[in-house]
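>
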Amino acid sequence: MSMSLVIMGMAKNMAMKQAQEFVKKKVIERWSQYRADKFYEAFLYEVAKQADSKFQSASLDDLLEKIGKRDTATSAIWDAYRHVCLSASKEIGPRVIGLLVAEIVQEDRTADESEERLFQAAENLTDADFESFVEYLREARSKPIGKPLRFARAHENVYQIEEQVSWTEYMTGAFESPHPINLGDSLGLWAARLRLLGIILEDRIEETHKVADDSERYIDGDKQVRIIHDYLVVKRECDRLMELVERAMEVRALSEAVG
């Protein structure tokens, strides 16, 4: 019995070491490096573009050397890279982070609160989330808003998500409570994640009015109708995220074309 326990202990110890080595080499190092490569690719691409447009006499190496000498820039890159390490996305998120931090370091500053939320979005969303996010906004932008809001939404785009229509007897009837807005259920996980970061919001407008008895329209007796409009409110940060994601997709396409 004791010998069996010794053998089992040795086997478990060996299996644990093999498992640790497997996870370290084949999982953590592999996918960490993969994400890092996408980050470097987008960062260098954006820096090179800026070098061509702003510093035509400077090479990319010269510009990177200048960036490396600035504590503000290197600190901003380090802060951004931490998000890459934890990115749920393998392709788009790391590239979004690379593009955004390239803009920041070339302005020799640190990220503001709005940009920090964008970094968090790039960390939290998966590649599937980004694809769904872009698909939804492209389609939403192609359609006019269902109904204008009764209040000003300066610098924010608003898209109708859903319309709920309920009928009841006039004066004597009562409406049931409307179901709450759930952006995750209505639009997908990307919306729930961006909602938590405050990059998008939901809003609701309720209208109630009387509809008179009208036999030709098959309305038997006076009725009361309630129309509830649910809206997605897209803040400016979301528009910027959309721009970054589309650029990240372009960088990915260029990278795949180069091979």
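Under UniProt numbering, the sequence shown has 91 at position 91, and the numbering climbs by one with no breaks. Glycine residues also receive a C-beta, built at the ideal position from the N, C-alpha and C atoms.
(1) Roughly how many angstroms separate the alpha carbons of Gln18 and Lys24, rounded to a whole number?
(2) Counting only runs that start and end within the segment 91-131, where is the alpha helix (DSSP H) found for 4 or more residues in a row?
(3) Do you know offhand how far Gln164's Cα is from Asp239's?
(4) Kindly confirm or deny that the segment 43-52 and the segment 93-109 touch, where touching means at least three C-beta pairs closer than 8 Å.
(5) Could you work out which residue in Ile28, Phe39 and Arg117 is closest to Arg236 when comparing CA atoms only?
(6) Tell me which residue opens and which closes the alpha helix (DSSP H) that Ala253 is part of.
(7) In three-state terms, what does DSSP make of Leu197?
(8) Arg247 to Glu206, Cα distance in whole Å?
(9) Between the segment 186-199 and the segment 124-141, are three or more C-beta pairs nearer than 8 Å?
(10) Rounded to whole angstroms, how far is the Cβ of Tyr136 from the Cβ of Tyr231, which I believe are closer than 8 Å?
(11) From this set, Gln120, Arg70 and Leu196, which residue's C-alpha is nearest Gln106's C-alpha?
(12) Can you tell me the Cα-Cα spacing of Ala15 and Cys85, whole angstroms?
(13) Exposed or buried, Val258, counting other C-beta atoms within 10 Å across all chains shown (16 or more means buried)?
(14) Take Lys66 as the anchor and find which of Asp108, Val27, Ala42 and Asp37 has the nearest alpha-carbon.
(15) What would DSSP say about Ile28, mapped onto helix, strand or coil?
(16) List the whole-angstrom C-beta distance separating Ala88 from Phe119, where the pair is believed to meet the contact cut-off of C-beta under 8 Å.
(17) Identify whether Arg70 lies in helix, strand or coil by the three-state DSSP scheme.
(18) Return the Cβ separation of Val27 and Val245 in integer angstroms, given the expectation that the two are a contact with Cβ distance under 8 Å.
(19) Name the DSSP beta bridge partners of Asp230, please?
(20) In angstroms with no decimal places, state the Cα-to-Cα distance between Leu196 and Gly93.
(21) In whole angstroms, what separates the C-alpha of Met242 from that of Pro178?
(22) How would you label Glu29, buried or exposed, when you count the other beta carbons within 10 angstroms and need 16 or more for buried?
In short:
(1) C-alpha separation (whole angstroms): 10 Å.
(2) 92-106 and 113-124
(3) 27 Å
(4) yes
(5) Arg117
(6) Element bounds for Ala253: Arg236 to Val258.
(7) coil
(8) 38 Å
(9) yes
(10) 14 Å between Cβ atoms; not a contact.
(11) Residue Arg70 is the option with its Cα nearest to Gln106.
(12) 27 Å
(13) By the neighbour-count definition (other C-beta atoms within 10 Å, threshold 16), Val258 is an exposed residue.
(14) Asp108
(15) helix
(16) With a Cβ gap of about 13 Å, Ala88 and Phe119 do not count as contacting.
(17) coil
(18) Between Val245 and Val27 the Cβ distance is about 26 Å, and since that is not below 8 Å, they are no contact.
(19) Here Asp230 is bridged, per DSSP, to Glu162 and Arg204.
(20) 17 Å
(21) Taking C-alpha positions only, Met242 is separated from Pro178 by approximately 31 Å.
(22) Around the beta carbon of Glu29, a 10 Å sphere encloses fewer than 16 other beta carbons of the protein chains shown; the residue is thus reported as exposed.
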